[in-house]
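In full-length UniProt numbering, the protein residues as written are 1 to 214. Yeah, the Cβ is synthetic: ideal placement off N, Cα and C, and Gly gets one too. Owing to the predicted nature of the structure, the values given are computational and were not obtained by experimental measurement. What follows is one structure encoded as structure tokens, with my remarks underneath.
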Amino acid sequence: MGGDGPATDDGTPLRGRSRAAALRSARARGETLDQLLDRNLAELLQELRVAITGVQVLFAFLLGLAFTQRFTELDAFALTVYTVTLMATALATVVLVAPVSFHRLVFRRRQKAALIAVADRMLVAGLALLVVAISSGVLLVLDVVLGRGPGLLGSALVLLVAIGLWYGLPVRARRAGTDDDTGDDDTDDDDTDDGTGDGTGDPGSAAGPGRPAG
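Spelled out as structure tokens, the structure:
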């Protein structure tokens, strides 16, 4: 399979865009594919820690809120917003923790590239759910404290700012080609192949001996 480009340690080559992106990024940093995957995984874990911390704080607040005396005074609208906020937070927690379960179940199965691809998608989805949870939480609190109008305005402002900073700026940078210039955007599905394992060997050669994934 040497003619197909860099291969994983189980002999499965990285294909198409995955191969080109992996080669480009690895060569830019003077890394082997193993080192590239290890770095990608470490970066994803750091990002997951940041995201899950915010989700945990919000989830704890929402669970405690249901047992306060003020909660019984909420009207139907506020209860609906609370339900949406709670469900979005719970789903964000499940989605953001999913890579941990995936890692445990494929540990030492030579699936690190698949793990990175899954974790990347789960992180993006989890952040989307977190945006919904935060904006809904702001709506709930401001509706109780200031009224419906300020609550809707505050929630819309938070939603727009979050979408702009979390998605708008990265998409704009990606379209401008800054990712190719820096070689730092290694955690998206351009760099990994869902069904492959760890990359090994020199970026320009076929696979050599590799370490078990995990």
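Between valine 106 and arginine 70, the alpha-carbon positions lie close to 46 Å from each other.
Put simply, the backbone Cα of phenylalanine 59 is about 12 Å away from that of valine 84.
Counting C-beta pairs closer than 8 Å gives three or more between the stretch 72–84 and the stretch 139–156, which meets the contact rule.
The three-state secondary structure of aspartate 38, taken from DSSP, is helix.
Contact between the stretch 95–102 and the stretch 121–141 is present: three or more C-beta pairs spanning the two stretches fall below 8 Å.
Tyrosine 82: member of the alpha helix (DSSP H) spanning 76–105, first to last residue.
Residue nearest to leucine 48 within the set Ile116, Asp143, Ala88 and Val141 is Ile116 (criterion: CA-CA distance). In the DSSP assignment, leucine 165 falls outside any alpha helix (DSSP H), carrying neither H nor E.
Here threonine 89 is buried: its Cβ has 16 or more other Cβ atoms, across all protein chains shown, within 10 Å. Within the model, the alpha-carbon separation for serine 136 versus alanine 66 is close to 16 Å.
Contact annotation: glycine 54 and isoleucine 163 have beta-carbon atoms that are not nearer than 9 Å.
C-alpha of arginine 148 to C-alpha of threonine 68: approximately 21 Å in a straight line. Annotation for proline 150: Leu142 place their beta carbon closer than 6 Å to its own, counting only its chain and skipping 5 residues before and after.
Between leucine 129 and valine 95, the gap from beta carbon to beta carbon is short of 9 Å.
Judged by DSSP in its simplified three-state form, alanine 176 adopts coil rather than helix or strand. Counting along the chain, the unbroken alpha helix (DSSP H) around glycine 126 starts and ends at 112–145.
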